[in-house]
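Protein sequence lines correspond, in order, to chains A and B. Residue 1 is where the first sequence starts when you use the working numbering, and the numbers rise one by one after that. Residue 404 is where the second sequence starts when you use the working numbering, and the numbers rise one by one after that. Here the structure comes first, spelled out in C-alpha cells, and everything after it is commentary.
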Amino acid sequence: MRDMRIFMSLTACLTCAFLIACGGGSGSSTPPNTITSSGSNVAPIVVNGGPTGEYADAAFASVTVCVPGTSNCQTIDDVLVDTGSFGLRILSSALTTVSLPQQKASDGNPVAECLTFLASYTWGPVQTADVQIAGEKASSVPIQVLSDTDFTAPSTCTSSGFQSADTLDTLGANGILGVGLAAQDCANPCPADADQYYECPSSGCEPIAEALGQQVINPVALFAADNNGVIVELPAVAAGGEPTVSGSLVFGIGTQSNNGLGGATVYTAPEGSFTTSYNGQSYPGSFLDSGSNGYFFLDSSLTGLTSCANNSDEAGFYCSSQNFTATNQGGNAASGAVKFSITSAATLFANPGNFALGDLGGTSSNSAPFYFDWGLPFFFGRNVFVAIVGASTPGGAGPYWAY
Amino acid sequence: MSHLQAYSIKSRLALGATVLVILATALPAWASLGGDAASIQADQLHMQGSRTTKAADAYTVHEIQAATGTVVREYLSPEGKVFALAWNGPRLPDLRQVLGSYFEQYRAAVQSQSGPRMARRPVMINQPGLVVQIGGHVGAFSGRAYVPEMLPSGVRAEEIQ
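Given below as C-alpha cells:
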C-alpha cells in the first residue's frame, strides 16, 4: 500500500460530478445487482462454508495453476477471494499433481515469503506458475506456496505471535486469491528490513530485498486483457442468513460488454483506504475487504452494540442487534450513505448450516485509529468494482472502489 | 544478540554498525513492556529507529519511528517502567521484542483465539495483567498493549493510542 500514488484524471472528476448531480451524493441511487453469468472473463464464486465446512462469510473460486509453458496443470478449488490482499497463495498440501519451479535469489538460494495478515501469517516458498481463471491466462506468475515445512519460518516471521495459516485447518481454504487495489504485495523494491521476502540456504532463511518484478502479484494484473481490476458480484442474503449463495468474479472494468461501471459511484482510495463517517465522526483508513468475514467497525462504546463474551466461539463479534447508516467518502470527494444491520453473532451462529450471513459484525479496534472494515456482508446485494493502482479504466485510473 | 547483529550488517554506515553492536552488548536483549528506560533504547536500536519524547502529567511518551515506517510509542511511568505501548504503520513491530516478558502470555492467548468460524478478525486480548489489541489489514496495522495494574494513578486506558 505504501507505494500507492494519487492518480486523478479528468474522466474521474467528470464521472463524480455527474454521479453527485444524479443523487450519488446522498447514496439514494443504487446500481443494479445483477450477477453476470457468462463470458470468458467470468468465474463463478460461492459462499458455502468452504472446504472445512465452517468458514462463514467467505467467497471461494477455482484457480488453475500450470507448470510454466506446459499443459501440466491442476485446478485448485475453494480459493478465498480476497480484495484485501494482493497475489495468489496456494496451500502446498493442495498442490498434489503439479510441481512448480522455485524462484531463486541472485545467489541461487530459494526465495520464501512471510506475509502478515490480521491474526495469522502465511509462510512458504515463492514459486512460478501460469495461472488460469475462467478464460483468462497469466504467464509466469510468482505465487506463494504455503508450507510450514519446506523451510522453517525464521523468528522475524513468527515475531507477530500469530498462528501460521498454512494448512487447511488454519486457513479454512485451499488458498487466497488476492485481487485488491495493488498488483504486487510489497513496495518497489521490497526492502530487506520489511522482513517479508527471504532467501533460504540450508543454514536458515534470512531477509532479502525483493525487486518489484519478482514479487508475488495479483494475477489479474498479468492477464493479456481485462487486467485493470475485478468486479465481485454477490446477491443479497435473507435476514438470518442462508446456507449458500453464488455469484461471479468478473475480470476487467469497462473492457467488455459485461463489465461496465454502469451507475456505480467511483470512490478513489489513494492510500488504499477511504473515509467512513458515522455519528458525526470521520474514520479515514476505512476499506472494503471481501476477505474479512464480517463488518468490523469501531467498538461497543461507539456503536452501542454488546461485544460477545471473550472466551466464546463468537469472541470479537457483536452480540446484539441494531440498524446503522454510515457514509463513505472517496479521495475524490464522492460520497454515499450505506445502510446496514448487525444481528447478534450468537443468533446467527445458532444455525450452524448458514454460511452467508449478511448481518454479521464485530469490533475493529478498542483504540484509535478507529476504522470501518467493510467485509463480505457489504458485498451481498452489491456489485463491487476494484480498480488496480495505476490501471486505466472508464471511471479514471485506479486505485478505487466503485459500487 | 545475533538478531541485532543481523540488523547491523544491513547498516550502510560502518561506524554506525560498530556503535550499534557495542551498545547492544551493554543493554538488555529483551524489552520492553514492564521494562525500564534502557529497554526503550534497546527497542530503538532493534528497530533502527529515531526517537522523540513527549511529557504528559503522569508519564513520558517515547515515540520510535522504525526504519520500516512503523511508529511505536512507549509509555514510561514516573517510576521508570514501561506500562503501555501503542503502534501503527505498514508492518507490525517485532512483538517478541516490544512485549518482552509478556510475549509468551500474549502468544498463547492469540493462538487460542481461532474459533470454529475461522475468522480473520482483529486481536482482542483482555486478561488479568495484560491487554493487547491489534487491528488493521495487510499493509496497515495498528494496536496497543498495556498492563492494567501498572497504569499510573489517574491514567485512563483511552490515553494509550
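Glycine included, each C-beta is placed from N, C-alpha and C at the ideal position.
Checklist entry - residue 399 of chain A: buried (16+ other C-beta within 10 angstroms of its C-beta) or exposed? => result Residue burial is scored here from C-beta neighbours: residue 399 of chain A has at least 16 other C-beta atoms within 10 angstroms and is therefore classed as buried.
Checklist entry - Does residue 261 of chain A come within less than 7 Å of chain D when only Cβ atoms are used? => result No chain D appears in this structure, whose protein chains are A and B.
Item to check | Identity of the residue in A/127, A/110, A/117 nearest residue 92 of chain A by Cα | outcome: Nearest option by C-alpha distance: A/127.
Checklist entry - Would DSSP call residue 563 of chain B helix, strand or coil? => result Three-state DSSP puts residue 563 of chain B in coil, outside helix and strand.
Checklist entry - If we cut at 7 Å on Cβ distances, does residue 473 of chain B have a partner in chain A? => result By this cut-off, residue 473 of chain B is not an interface position.
Item to check | Three-state secondary structure (DSSP) of residue 403 of chain A | outcome: It is coil, neither helix nor strand.
Next on the checklist: Considering only DSSP beta bridges, list what residue 349 of chain A is partnered with.
Outcome noted: In the DSSP assignment, no residue is bridged to residue 349 of chain A.
Next on the checklist: Classify residue 48 of chain A: buried if its beta carbon has 16 or more other beta carbons within 10 angstroms, exposed otherwise.
Outcome noted: Residue 48 of chain A sits buried, since 16 or more C-beta atoms from the chains shown fall within 10 Å of its C-beta.
Next on the checklist: Please list, in chain order, the residues of the stretch 80-112 of chain A that have any C-beta partner in chain B closer than 7 Å.
Outcome noted: For the stretch 80-112 of chain A, the set of positions with a beta-carbon nearer than 7 Å to some beta-carbon of chain B reads 84, 85 in chain order.
Checklist entry - From what residue to what residue does the alpha helix (DSSP H) around residue 509 of chain B run? => result First-last of the alpha helix (DSSP H) with residue 509 of chain B: 506-514.
Item to check | Neighbourhood of residue 557 of chain B by C-beta, 7 Å cutoff - its chain only, sequence neighbours within 5 removed | outcome: Residues of the same chain with a CB within less than 7 Å of the CB of residue 557 of chain B, apart from the 5 flanking positions on each side, are 461 in chain order.
Item to check | Where residue 473 of chain B falls, given that 16 or more other Cβ within 10 Å makes a residue buried | outcome: Buried, since its Cβ has 16 or more Cβ neighbours within 10 Å.
Checklist entry - Along chain A, which residues have their Cβ under 9 Å away from the Cβ of residue 486 of chain B? => result Residues of chain A passing the Cβ test: none, with the nearest at roughly 15 Å.
Item to check | Contact between the stretch 238-246 of chain A and the stretch 352-367 of chain A (3+ Cβ pairs under 8 Å) | outcome: By the Cβ criterion, the stretch 238-246 of chain A is in contact with the stretch 352-367 of chain A, since at least three pairs of Cβ atoms, one from each stretch, lie closer than 8 Å.
Next on the checklist: Using a Cβ-Cβ cutoff of less than 7 Å, which residues in the same chain neighbour residue 320 of chain A once the five nearest sequence positions on both sides are dropped?
Outcome noted: Take residue 320 of chain A, set aside five residues on each side of it, and the residues of its chain with a beta-carbon closer than 7 Å to its own are 305, 306, 344, in chain order.
Checklist entry - Do you know offhand how far residue 435 of chain B's Cα is from residue 161 of chain A's? => result The straight-line gap from Cα to Cα measures roughly 16 Å.
Checklist entry - Among A/56, A/102, A/352, which one has its Cα closest to the Cα of residue 172 of chain A? => result Residue A/56 holds the alpha-carbon nearest to the alpha-carbon of residue 172 of chain A among A/56, A/102, A/352.
Item to check | Distance between beta carbons of residue 141 of chain A and residue 63 of chain A, contact taken as under 8 Å | outcome: About 10 Å; that fails the 8 Å criterion.
Item to check | Paired residues, beta bridge with residue 553 of chain B - DSSP | outcome: DSSP links residue 553 of chain B through a beta bridge to no other residue.
Checklist entry - Using a Cβ-Cβ distance under 7 Å, would residue 538 of chain B count as near chain A? => result Answer yes: the Cβ-Cβ gap between residue 538 of chain B and chain A drops below 7 Å somewhere.
Checklist entry - Are the stretch 63-74 of chain A and the stretch 163-172 of chain A touching, with three or more C-beta to C-beta distances below 8 Å? => result Taking 8 Å as the limit for Cβ pairs, the verdict is that the stretch 163-172 of chain A does not touch the stretch 63-74 of chain A.
Item to check | residue 486 of chain B - DSSP class collapsed to helix/strand/coil | outcome: It is a strand residue.
Checklist entry - Hey, would you say residue 205 of chain A sits closer than 7 Å to residue 196 of chain A, going by beta carbons? => result Result no, Cβ atoms of residue 205 of chain A and residue 196 of chain A do not sit closer than 7 Å.
Item to check | Proximity winner among A/295, A/38, A/288, A/364, relative to residue 179 of chain A (alpha-carbon distances) | outcome: Relative to the Cα of residue 179 of chain A, the nearest Cα in the group A/295, A/38, A/288, A/364 belongs to A/288.
Checklist entry - What are the boundary residues of the alpha helix (DSSP H) that includes residue 130 of chain A? => result Careful: residue 130 of chain A lies outside any alpha helix (DSSP H), inside the beta strand (DSSP E) at 120-133.
Item to check | Cβ neighbour criterion (16 or more within 10 Å) applied to residue 507 of chain B | outcome: Note on residue 507 of chain B: under 16 other CB atoms within 10 angstroms of its CB, so exposed under the neighbour-count rule.
Item to check | The beta strand (DSSP E) enclosing residue 479 of chain B, as first and last residue numbers | outcome: First-last of the beta strand (DSSP E) with residue 479 of chain B: 474-479.
Next on the checklist: Tell me which residues share the same chain as residue 382 of chain A and place their Cβ nearer than 7 Å to its Cβ, disregarding the 5 neighbours each side in the sequence.
Outcome noted: Annotation for residue 382 of chain A: 33, 403 place their beta carbon closer than 7 Å to its own, counting only its chain and skipping 5 residues before and after.
Item to check | Rounded distance between the beta-carbons of residue 81 of chain A and residue 60 of chain A, thought under 8 Å | outcome: 7 Å between Cβ atoms; contact.
Checklist entry - Which stretch, first to last residue, makes up the alpha helix (DSSP H) that contains residue 300 of chain A? => result 300-303 is the span of the alpha helix (DSSP H), which, as asked, contains residue 300 of chain A.
Item to check | residue 155 of chain A versus residue 65 of chain A - alpha carbon distance | outcome: When rounded, the separation of the alpha-carbon atoms in residue 155 of chain A and residue 65 of chain A is 31 Å.
Item to check | Stretch pair the stretch 436-456 of chain B + the stretch 474-482 of chain B: three plus CB contacts closer than 8 Å | outcome: With the rule of 3 Cβ pairs closer than 8 Å, the stretch 436-456 of chain B counts as touching the stretch 474-482 of chain B.
Item to check | Where the alpha helix (DSSP H) containing residue 499 of chain B begins and where it ends | outcome: Counting along the chain, the alpha helix (DSSP H) containing residue 499 of chain B begins and ends at 498-502.
Next on the checklist: Is there a C-beta anywhere in chain A that falls below 7 Å from the one on residue 550 of chain B?
Outcome noted: In terms of beta-carbon proximity, residue 550 of chain B stays away from the interface with chain A, with every pair separated by 7 Å or more.
Next on the checklist: What does the alpha-carbon distance come out to for the pair residue 83 of chain A and residue 378 of chain A?
Outcome noted: Each residue's Cα considered, the two are about 12 Å apart.
Next on the checklist: From the DSSP secondary-structure annotation, give me the bridge partner or partners of residue 529 of chain B.
Outcome noted: Looking at the DSSP assignment, residue 529 of chain B forms a beta bridge with B/534.
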